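Trainee:
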Amino acid sequence: MRRLLVLFLLLGFSGIALAEENVWNEETFEYYASIIRQQPDTHSRLIDGCAQRGILKMDSDTKAQIERDSSMSASEATKEVCRRVIKGIASGAVTYEVFRKWANAPDDEKVSFPDYQ
């Protein structure tokens, strides 16, 4: 559930409303990835927007679980996930395959993105 919620947060920065069973396909991912790579001056705004929407969509149980699992506040952890994904996409390290592997991993399987600068 948490991974799916974070996936929705990430998808949210594009303005796309998706049903739970829908995720980006490769063409959509590459389209948004090219925009992210071409516009580094927008990264902080994308990260902030992604994190803000994510916190607003989380229920209190999810927030509490994130805080237990990450030793950060839910807002800090959400912003960090958003930052790593945006910076990873921008650097080319987070490819569609990496993104799909992360998005499709079971909730009980820990999958994280390295700290891309």
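Numbering-wise (the numbering used here), the sequence shown opens with residue 14 and increments by one.
Backbone N, C-alpha and C define an ideal beta-carbon position, used for all residues, glycine too.
If you're wondering where the values come from, they're calculated on a predicted model, not measured in any experiment.
State the DSSP-derived secondary structure class of residue 125, mapped to helix, strand or coil.
Mentor: Numbered from its first residue, the sequence shown carries residue 125 at position 112. The answer is coil: DSSP assigns residue 125 none of H, G, I, E or B.
Trainee: When you compare only the Cα positions, how much space is there between residue 43 and residue 107?
Mentor: If you number the sequence shown from 1, residue 43 lands on position 30. If you number the sequence shown from 1, residue 107 lands on position 94. Roughly 11 Å separates the two Cα atoms.
Trainee: Put residue 52 into one of helix, strand or coil per three-state DSSP.
Mentor: Taking the first residue of the sequence shown as position 1, residue 52 is located at position 39. Reduced to three states, the DSSP call for residue 52 is coil.
Trainee: Identify the continuous alpha helix (DSSP H) that holds residue 101 and give its terminal residues.
Mentor: For the purposes of this step, residue 101 is identified with residue 88 of the sequence shown, where counting begins at 1. Residues 87-104.
Trainee: Closer than 6 Å by C-beta to residue 111: which residues in its own chain qualify, once you throw out the five before and the five after it? Chain order, please.
Mentor: The residue you call residue 111 lines up with position 98 of the sequence shown. No residues qualify anywhere along the chain.
Trainee: What residue does the alpha helix (DSSP H) around residue 130 start on, and which one ends it?
Mentor: Within the sequence shown, the letter at position 117 stands for residue 130. Careful: residue 130 lies outside any alpha helix (DSSP H) and carries neither H nor E.
Trainee: Determine the burial state of residue 123: buried for a count of at least 16 other Cβ atoms within 10 Å of its Cβ, exposed for fewer.
Mentor: The residue given as residue 123 occupies position 110 in the sequence shown. The residue is exposed, with fewer than 16 neighbouring Cβ atoms inside 10 Å.
Trainee: For residue 92, count neighbouring Cβ atoms within 10 angstroms of its own Cβ and tell me buried if that reaches 16, exposed if not.
Mentor: As a working note, residue 92 is residue 79 in the sequence shown. By the 10 Å Cβ count, residue 92 comes out buried.
Trainee: Within the chosen definition, does the segment 37-55 reach the segment 68-76 through at least 3 CB pairs nearer than 8 Å?
Mentor: The segment 37-55 vs the segment 68-76: no contact.
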